[in-house]
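Taking my numbering, the leading residue of the sequence shown gets 352, the next gets one more, and so forth. Below is one structure; the comments refer to it alone.
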Amino acid sequence: MYCVTVLYPNQPGARFDFTYYRERHIPMMLELLGNNVLSTQVRRGIQAVDGSSAPYLCLLNTHIRSPEQFAQVMAEHSARVLGDIPNYTNLQPIIQIDEIL
Numbered sequence: 352m353y354c355v356t357v358l359y360p361n362q363p364g365a366r367f368d369f370t371y372y373r374e375r376h377i378p379m380m381l382e383l384l385g386n387n388v389l390s391t392q393v394r395r396g397i398q399a400v401d402g403s404s405a406p407y408l409c410l411l412n413t414h415i416r417s418p419e420q421f422a423q424v425m426a427e428h429s430a431r432v433l434g435d436i437p438n439y440t441n442l443q444p445i446i447q448i449d450e451i452l
């Protein structure tokens, strides 16, 4: 099993619309990814362990069956997916695919 991890850094002046992200962006992604998705989880960063500001404003974990299928969907629909980002944030996401051990 694999996990697509998307991290949105917490930066001064950051804007993030969690409602839009949960109600519009994530459903769009789930529709595009289809049965490759096993589960998804959106998290809001609240603080670092030492009580300082959270290093990430938003984190998304999407468990998938196939990184190849994910890459194919992203290649086919990248303009649509990336074009939606300004609708909910002014941040540049960090995206990686992890293998779950």
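A virtual CB, placed ideally from N, CA and C, is assigned to each residue, including glycine. Since the model is a prediction, treat every value here as computed from it, not as a measurement.
Legend entry - Ordered list of alpha helix (DSSP H) runs contained in the stretch 379-452, each at least 4 residues: Every alpha helix (DSSP H) of 4 residues or more that sits fully in the stretch 379-452 is shown, in chain order, as 418-435.
Legend entry - Same chain, Cβ closer than 8 Å to residue 377, five either side skipped, listed in chain order: Locating residue 377 in the sequence shown gives position 26, counting from the first residue. So the list reads 391, 393 and 411, once near-sequence residues are dropped.
Inset, instruction - Establish whether the CB of residue 389 and some CB of chain E are separated by less than 8 Å. - result: No chain E is present in this structure, which holds just one protein chain.
Legend entry - Where the beta strand (DSSP E) containing residue 360 begins and where it ends: The sequence position of residue 360 within the sequence shown is 9, counting from 1. From DSSP, the beta strand (DSSP E) with residue 360 extends over 353-360.
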